[in-house]
Amino acid sequence: MTALADAGYPVQALPLIEVAAAAYAQPLLDAWARLPTFDAVMFVSGNAVDFFFASKPSNVAAFTEQSAIKTRAFVTGPGSFSALQRAGVAAHCIDAPDLQAGCFDSEALWAVVRQRVHSGCRILIVRGGDSASVAGDSGLGRDWFASQARAAGASVAFVVAYQRLCPTFSEQERALARAAAVDGSVWLFSSSEAIFNLAASCPAQSWQRAKAVATHPRIVQAAKDLGFAVVCESRPTVDALLASIESLQ
Numbered sequence: 000m001t002a003l004a005d006a007g008y009p010v011q012a013l014p015l016i017e018v019a020a021a022a023y024a025q026p027l028l029d030a031w032a033r034l035p036t037f038d039a040v041m042f043v044s045g046n047a048v049d050f051f052f053a054s055k056p057s058n059v060a061a062f063t064e065q066s067a068i069k070t071r072a073f074v075t076g077p078g079s080f081s082a083l084q085r086a087g088v089a090a091h092c093i094d095a096p097d098l099q100a101g102c103f104d105s106e107a108l109w110a111v112v113r114q115r116v117h118s119g120c121r122i123l124i125v126r127g128g129d130s131a132s133v134a135g136d137s138g139l140g141r142d143w144f145a146s147q148a149r150a151a152g153a154s155v156a157f158v159v160a161y162q163r164l165c166p167t168f169s170e171q172e173r174a175l176a177r178a179a180a181v182d183g184s185v186w187l188f189s190s191s192e193a194i195f196n197l198a199a200s201c202p203a204q205s206w207q208r209a210k211a212v213a214t215h216p217r218i219v220q221a222a223k224d225l226g227f228a229v230v231c232e233s234r235p236t237v238d239a240l241l242a243s244i245e246s247l248q
């Protein structure tokens with residue numbers, strides 16, 4: 000938001016995903032206890048990093064230069080990379096796509112780490128879920144990455160570190176959404192789930208006059224499925240986003 004505001008755009012935030020601690024804390028503690036048995040931990044988002052490390056027992060030393068635990072940390076983009084660094088993870092323990100390339104998804108991460116993933120490798124995926132999710136759920140998060148790892152002979156486990164909820168709009172937020180659907184505003188989406196929650200929060204709203212920029216083909220499709228009139232795909236870099244927004248003005 001700051002970068003867009005600095006570029007001269009009036010920016011308003013409309014939170015479409017509410018994040019809370021996981022409904023079940025014990026699976027996280029169990030995951031930390033089993034950490035030495037995993038070759039790598041994949042974090043699906045910065046929230047996954049933050050909530051996973053918030054549950055870290057004080058007597059566990061991992062992801063540092065001095066640690067005897069050699070488990071690596073996998074992330075898909077700069078936000079998660081920064082969250083790992085804030086959590087004290089050493090940069091040399093992290094595998095991520097080129098942070099200057101502008102392609103931050105499971106496919107880009109797999110291109111970086113596939114040589115590390117082999118038969119017998121064990122990977123833990125730390126993800127979010129809805130309020131009903133438990134540690135063994137594998138239907139959300141990074142199924143594509145998990146399928147690639149399994150095809151390479153690795154075993155994959157999941158743990159839910161936080162829950163994603165559909166927010167309850169205030170009257171002011173609902174009015175903002177309705178106005179932005181028709182007044183020429185450009186919506187910026189970086190999550191398909193945000194679009195699903197928008198649909199649930201404004202069930203009677205028409206989006207036939209709405210415009211959006213989305214940062215992945217799947218998100219583009221979700222916006223089109225909702226009925227957005229114009230959806231532009233953009234790389235998730237400031238320059239690319241600014242260019243995409245400008246093209247819709």
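If you use numbering that gives the first Met the number 0, the sequence shown closes out at 248, no skipped numbers anywhere.
Ideal Cβ placement from N, Cα and C applies to all residues, glycine included.
Keep in mind the model is a prediction, meaning the values are calculated, not measured.
In the structure shown, the three-state DSSP call for Ser154 is strand. With contacts defined by Cβ atoms closer than 8 Å, Val40 and Val111 do not form a contacting pair. With 16 or more other Cβ atoms from the protein chains shown falling within 10 Å of its own Cβ, His215 counts as buried. Taking Ser191 as the centre and dropping the five residues before and after it, the same chain places the C-beta of Arg217, Ile218 and Ala221 closer than 6 Å to its C-beta, in chain order.
Val181 and Val116 have their C-alpha atoms some 48 Å from each other.
One thing to note: Ile194 has its Cβ within 8 Å of the Cβ of Leu225.
With respect to the 8 Å criterion, Glu17 and Pro202 are not classified as neighbours on the basis of their beta carbons. Annotated three-state conformation of Glu17 is strand, per DSSP. Between Ala107 and Thr75, the C-beta gap is smaller than 8 Å, which places the two residues in contact. When the beta-carbon positions are compared, Ser154 and Arg121 come within less than 8 Å of each other. The continuous beta strand (DSSP E) containing Glu232 extends over residues Val229 to Glu232. Residue state for Phe80 is assigned as helix, using DSSP reduced to three classes. When the Cα atoms are used, His91 and Arg85 turn out to be separated by approximately 14 Å. Using a 10 angstroms sphere on the CB of Gly128, the tally of other CB atoms reaches 16 or more, which defines it as buried. Membership of Phe42 in the beta strand (DSSP E) is indicated by the continuous run Ala39 to Phe42. One Cα belongs to Ala30, the other to Thr70, and the distance between them is close to 12 Å.
According to DSSP, Val159 shares a beta bridge with Arg126.
Ala21 and Ala47 have their C-alpha atoms spaced approximately 10 Å apart. When only Cα atoms are considered, Ala228 and Glu170 end up about 25 Å apart.
Listed in chain order, the non-local C-beta contacts of Gln147 below 6 Å within the same chain comprise Trp109, local neighbours out to five positions each way being set aside. The continuous alpha helix (DSSP H) containing Ala221 extends over residues Pro216 to Leu225. The three-state reading of DSSP puts Arg71 in strand, counting E and B together. With distances taken between CA atoms, Ser79 lies nearest to Ile93 out of Leu240, Ala67, Ile93 and Leu15.
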